[in-house]
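Colleague:
In the numbering used here, the protein residues as written are 7 to 217.
#1: Mapping DSSP to helix, strand and coil, what is residue 4?
#2: When DSSP labels each residue in this structure, what does residue 36 get in the three-state scheme?
#3: Between the beta-carbon of residue 75 and the beta-carbon of residue 129, is there less than 9 angstroms?
#4: Could you compute how far the alpha carbon of residue 50 sits from the alpha carbon of residue 8?
#5: I'd like to check one pair, residue 147 with residue 40: are the Cβ atoms closer than 9 angstroms?
#6: Report the residue ranges of all alpha helix (DSSP H) runs contained in full by the segment 94-172; include only those spanning at least 4 residues, in chain order.
#7: One question on the structure: do residue 124 and residue 24 come within less than 9 angstroms of each other, judged by their Cβ atoms?
#8: Look at the alpha carbon of residue 34 and the alpha carbon of residue 61, and state the distance between them as a whole number of angstroms.
#9: Which whole runs of the beta strand (DSSP E) in the segment 15-78 are 3 residues long or more, in chain order?
#10: Does the Cβ-Cβ distance between residue 126 and residue 32 come in under 9 angstroms?
#11: Under the three-state reduction of DSSP, which class applies to residue 7: helix, strand or coil?
#12: When the Cα of residue 186 is compared with those of 15, 10, 66, 38, which residue comes out closest?
#13: Using only alpha-carbon positions, find the residue among 137, 181, 174 that is nearest to residue 69.
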C-alpha cells in the first residue's frame, strides 16, 4: 500500500509539473483542457491552477451523475491537488531557460512526456481515475462509444470553448494526445506490472511465514 501511495503521489507531482512546463511555452499549443483553463484565467482572473481545480471538481460531479464507478478517493485528491501544484510550480519558476523556438519545442515535449509518465503512474496505483479520464470512461460506458471516440468528441468541444474564450491554440494542441497517450500507456503498463510483481512477492513471503 505504501508503495502504491508513493507512485500515486509522485505521479501527481510529475503530471502537475509537466502541465506547468507546457504552460511556460503555451504559444506552441497546449492540451485542450489547459487551453480552457488559461482562457478562463485570462478572461475572469483567479489563477490557472484554481481554474484547473474548479473544472476538475465540476467533472467529478458530472461523473457522479453519469456513472460513479470510476470515481474513487484518488479522483478527488487529483482534482484538489493538481491545480495548486501547477500554481506552485509556476510561482517557483524552475523551468528550462527559453533561448529559441527549437529549445521551446524540446521544453514542450518534455512537459508532454512528464504528463504521460505521471498520468500513467498515478492511474496504475489504483486509487481512481483522474477527473477528466473518469468523465471519458463514464460517458463511454453510458453512450456506448469507444473511449477514443468519446475523448476526441469531448476534447474537441473543450477546445472550441477555449478557443472562443481566447485560449492559446497552435499546432501542438492538435497533436498533444498522439504524443501523450502512448507514453501514458507505457508508463501505466510498466508501473502496473511492477506493483503487481511486488504484491505477488509479498503474498509469497506471507505464505512462507505462515508455514
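Beta carbons: idealized from backbone N, C-alpha and C, even for Gly.
Modeller: Working from what's here:
#1: Since the displayed the chain opens at 7 and closes at 217, residue 4 lies outside it and no answer follows.
#2: Taking the first residue of the chain shown as 1, we reach residue 36 at position 30. Of the three classes helix, strand and coil, the one that applies to residue 36 here is coil, per DSSP.
#3: The residue you call residue 75 lines up with position 69 of the chain shown. The residue you call residue 129 lines up with position 123 of the chain shown. Not in contact: residue 75 and residue 129 (Cβ atoms no closer than 9 angstroms).
#4: Translated into the one-based positions of the chain shown, residue 50 becomes position 44. Translated into the one-based positions of the chain shown, residue 8 becomes position 2. Spanning the two alpha carbons is a distance of roughly 40 angstroms.
#5: Here residue 40 corresponds to residue number 34 of the chain shown, with the count starting at 1. Here residue 147 corresponds to residue number 141 of the chain shown, with the count starting at 1. Contact flag unset, no.
#6: 107-130, 137-149, 153-170
#7: For the purposes of this step, residue 124 is taken as the residue at position 118 of the chain shown. For the purposes of this step, residue 24 is taken as the residue at position 18 of the chain shown. Yes.
#8: Looking up residue 34 in the chain shown gives position 28. Looking up residue 61 in the chain shown gives position 55. Using only the alpha carbons, I get a separation of about 23 angstroms.
#9: none
#10: Translated into the one-based positions of the chain shown, residue 126 becomes position 120. Translated into the one-based positions of the chain shown, residue 32 becomes position 26. The answer is no: Cβ separation not under 9 angstroms.
#11: The residue you call residue 7 lines up with position 1 of the chain shown. In this structure, residue 7 counts as coil in the three-state DSSP scheme.
#12: For this step, residue 186 is matched to residue 180 along the chain shown. The candidate whose alpha carbon is nearest that of residue 186 is 38.
#13: If you number the chain shown from 1, residue 69 lands on position 63. Answer by Cα proximity: 137.
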